[in-house]
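Reading through the structure tokens given below for one structure.
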Amino acid sequence: MGTLIENLTVQLGTRSYPILIGEGLLGERAMIDRHVRARDVLIVSNTTVAPLYLANLEASLSPRRTIATLLPDGESYKTLDTVARILDVLVANRFGRDCAVLALGGGVVGDMAGFAASIYQRGVTFIQAPTTLLAQVDSAVGGKTGVNHPGGKNLIGAFHQPSAVLSDTTTLATLPPRELRAGLAEVVKYGLIRDADFFAWLEARVDALLAGDTDALAHVIRRSCEIKADVVARDEHEHGERALLNFGHTFGHAVESATGYGRWLHGEAVAAGMAMAARMSCESRLLDAADLQRIMRLIERLGLPTHVDQVQPQTMLEHMRIDKKVLDGRIRLVLLRAIGQAFVTADYDENRLTHTLEAHLR
Ligand code: NAD
Ligand code: GLY
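Using our numbering, you'd call the opening residue of the sequence shown number 12 and step up by one each time.
The structure is reproduced here in structure tokens:
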């Protein structure tokens, strides 16, 4: 029997949906019945996750008609071509508008399955069953879906909210340590943008988190989802506050696209990006030096990078200019006034930005 740890709601009026967090949820037939109403379900997974968790999920979904499509594993496959493959399977199996697409995997699978669901027959039901820490704390919640373009990260996509997020925390037991650490980068982000107490809590729990302690991980998933659900409910389509969730991402996305997708994990690039955004905040005399040191120290203790090899400042700037937050040709940055207090600004000194990049690129 599964154990439900938390049941949160993303409040979006008639499109509100639950985030269920619990141990063994994917084997919970009654829970699956409550949240998967479609009779035809396309499960989108990949060649790494499916051998681990697909059979259990399919058993819980029976007697629905389930078809599974397994994508190749990796950020480099997060492309329109791969989404076209998902659409081909939907068409070939004559899935109608009343079907559901269910993503079983990390953020790469979730972003592509969600994008396919958003455009198939102009939008069908989408369910997230995230299996990485990063997806459970971030990408499965909030309805951003899409793919990369060689010219820029996540440049093609759509907002398409899931009807439920089913986070089975037992799946994290098989996650490679490097992927666990990458997920912790997005967790640190929530402390930095919104919750100084949570940041301090993380500082005190580094060993437990790196050891995969289930209670500590359950707490970070719950707190991260609370913060994300709250921000998304107020600004679903990122007209304002939601941009704060991109703290470190303007820098991080540039690292990912400048180095070719896949060399850096997304969470690793976000970690280095947060280090750069924090230094830029300090160089701009917003954040004090002691807070900058705390941020660098936590990122390093979590085994995450603060610096980037083999990328030139000019190359970084070129990639940053295609960021979705660019307005009137100006790169907007998410900066910190203090730990827990982030804001978006286009009002900064270009020389400080160059200096920040020089300090973090080797
Ligand atoms: P990922 O999807 O590539 O998964 C990481 C690796 O872990 C993969 O090799 C995967 O096959 C494997 N894996 C997944 N679950 C596993 C498990 N339980 N056991 C063993 N291996 C497992 O990467 P990710 O970090 O989950 O997601 C990163 C992606 O998410 C990026 O493309 C990023 O842009 C996107 N993202 C999207 C949003 C959003 O709001 N939509 C937010 C943050 C990140
Ligand atoms: N990961 C950023 C967002 O969902 O807005």
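In this text, a Cβ means the ideal position worked out from N, Cα and C, and glycines have one as well.
Beta carbon of K335: closer than 8 Å to some heavy atom of ligand 1?
Along the sequence shown, one-based indexing puts residue 335 at 324. At a threshold of 8 Å, K335 does not count as near ligand 1, since its beta carbon sits no closer than that to any of the ligand's heavy atoms.
Determine which residues share a DSSP beta bridge with L31 and list them.
Here the question's residue 31 lines up with position 20 in the sequence shown. BP columns for L31 point to N18, L177.
Between the Cα of P324 and the Cα atoms of A175, V47, A269, which residue gives the shortest distance?
Position 313 of the sequence shown, counted from the start, is the residue given in the question as residue 324. Ranking A175, V47, A269 by Cα distance to P324 puts A269 first.
7 Å CB neighbourhood of Q132 in its chain, flanking five on each side removed
Along the sequence shown, read from residue 1 onward, the residue named residue 132 stands at position 121. So the qualifying residues of the chain are R108.
Determine the DSSP secondary structure at L72, reduced to helix, strand or coil.
Position 61 of the sequence shown, counting from 1, holds the residue named residue 72. Three-state DSSP puts L72 in a helix.
T181 versus W212, A175, H171, P141, residue with shortest Cα-Cα distance:
Counting from 1 along the sequence shown, the entry for residue 181 is found at position 170. The residue among W212, A175, H171, P141 with its C-alpha nearest the C-alpha of T181 is P141.
N-terminal and C-terminal residue of the alpha helix (DSSP H) that T225 is part of
In the sequence shown, residue 225 corresponds to position 214, counting from 1. The continuous alpha helix (DSSP H) containing T225 extends over residues 225-245.
Report the residue from L328, R26, K155 whose alpha carbon sits nearest the alpha carbon of I167.
In the sequence shown, counting from the first residue as 1, residue 167 sits at position 156. Ranked by Cα distance from I167, the first of L328, R26, K155 is K155.
Among L183, I130, I204, which one has its Cα closest to the Cα of F170?
Position 159 of the sequence shown, counting from 1, holds the residue named residue 170. It is I130 whose Cα lies nearest to the Cα of F170.
Let me know the secondary structure DSSP gives T261 once reduced to three states.
As a position in the sequence shown, residue 261 is number 250, starting the count at 1. Residue state for T261 is assigned as helix, using DSSP reduced to three classes.
Between L221, K164, M287, L68, which lies nearest to P187 when the distance is taken from Cα to Cα?
Working through the sequence shown from its first residue, we reach residue 187 at position 176. For the options L221, K164, M287, L68, the alpha carbon positioned closest to that of P187 is the one of L221.
Could you tell me the alpha carbon to alpha carbon distance between T365 and E329, rounded to whole angstroms?
The sequence position of residue 365 within the sequence shown is 354, counting from 1. The sequence position of residue 329 within the sequence shown is 318, counting from 1. C-alpha of T365 to C-alpha of E329: approximately 12 Å in a straight line.
In the structure shown, what three-state DSSP assignment does Q172 receive?
Taking the first residue of the sequence shown as position 1, residue 172 is located at position 161. In the structure shown, Q172 sits in coil (DSSP, three-state: anything other than H, G, I, E or B).
If we ignore side chains and look at the alpha-carbon of each, how far apart do D224 and R312 end up?
In the sequence shown, the residue the question calls residue 224 occupies position 213. In the sequence shown, the residue the question calls residue 312 occupies position 301. Note on geometry: alpha-carbon atoms of D224 and R312 lie some 16 Å from one another.
For F106, the three-state DSSP class (helix, strand or coil):
Along the sequence shown, read from residue 1 onward, the residue named residue 106 stands at position 95. DSSP places F106 outside both helix and strand once states are collapsed to three, so it counts as coil.
Cβ shell of R216 (< 7 Å), same chain only, five flanking positions each side left out
Reading the sequence shown from its first residue, position 205 is the one you call residue 216. Here the set comprises A227.
For H160, which residues does DSSP report across the bridge?
Taking the sequence shown and counting its residues from 1, one reaches residue 160 at position 149. Looking at the DSSP assignment, H160 forms a beta bridge with G163.
In whole angstroms, what is the alpha-carbon distance linking S235 and A370?
Looking up residue 235 in the sequence shown gives position 224. Looking up residue 370 in the sequence shown gives position 359. If you draw a straight line from the Cα of S235 to the Cα of A370, it comes to about 30 Å.
Does at least one heavy atom of ligand 2 sit under 8 Å from the Cβ of E117?
Taking the first residue of the sequence shown as position 1, residue 117 is located at position 106. Checking the sequence shown, residue 117 turns out to be Gly, not Glu. Because no heavy atom of ligand 2 lies under 8 Å away, the Cβ of G117 does not count as near it: no.
Going by other Cβ atoms of all chains shown within 10 Å of its Cβ, with 16 needed for buried, is G116 buried or exposed?
In the sequence shown, counting from the first residue as 1, residue 116 sits at position 105. G116 comes out buried.
Between L53, I30, V55, which has its C-alpha nearest R45's C-alpha?
As a first step, residue 45 is located in the sequence shown; it is residue number 34 there, counting from the start. Out of L53, I30, V55, I30 has the C-alpha closest to the C-alpha of R45.
Closest by C-alpha distance to Q22, when choosing among G314, A240, T326
Taking the first residue of the sequence shown as position 1, residue 22 is located at position 11. Comparing Cα-Cα distances from Q22 to each of G314, A240, T326, the minimum goes to A240.
Quick check: does the Cβ of P187 come within less than 8 Å of any heavy atom belonging to ligand 1?
Taking the first residue of the sequence shown as 1, we reach residue 187 at position 176. Distance from the C-beta of P187 to the nearest heavy atom of ligand 1 is below 8 Å.
Beta carbon of N159: closer than 8 Å to some heavy atom of ligand 1?
Position 148 of the sequence shown holds residue 159. Yes, the beta carbon of N159 sits closer than 8 Å to at least one heavy atom of ligand 1.
In chain order, what residues of the same chain have a beta carbon less than 6 Å from the beta carbon of A146, not counting five sequence neighbours either side?
Within the sequence shown, the letter at position 135 stands for residue 146. Closer than 6 Å at Cβ, skipping near neighbours: G117, G118, G121.
Compute the distance between the beta-carbons of V100 and G251, then report whether it is under 9 Å.
Along the sequence shown, one-based indexing puts residue 100 at 89. Along the sequence shown, one-based indexing puts residue 251 at 240. The answer is no: Cβ separation not under 9 Å.
Hey, L144 and V102: beta-carbon distance below 9 Å or not?
Translated into the one-based positions of the sequence shown, residue 144 becomes position 133. Translated into the one-based positions of the sequence shown, residue 102 becomes position 91. Going by C-beta atoms, L144 is not nearer than 9 Å to V102.
Using 9 Å as the threshold, is the C-beta distance between V322 and L276 below it?
Residue 322 sits at position 311 when you count from the first residue of the sequence shown. Residue 276 sits at position 265 when you count from the first residue of the sequence shown. In this structure, V322 keeps its C-beta atom at 9 Å or more from the C-beta atom of L276.
Indicate the three-state DSSP secondary structure (helix, strand or coil) for P324 in the structure shown.
Residue numbering aside, residue 324 sits at position 313 when the sequence shown is read from its first letter. For P324, the secondary structure class from DSSP, reduced to helix, strand or coil, is helix.
Cut-off 7 Å between Cβ atoms - residues of its own chain near M307, not counting five sequence neighbours on either side
On the sequence shown, position 296 is the one that residue 307 refers to. The residues are A286, T317.
Report yes or no: do three or more beta-carbon pairs, one from the region 254-264 and one from the region 58-71, lie closer than 8 Å?
Contact fails: fewer than three Cβ-Cβ distances are below 8 Å.
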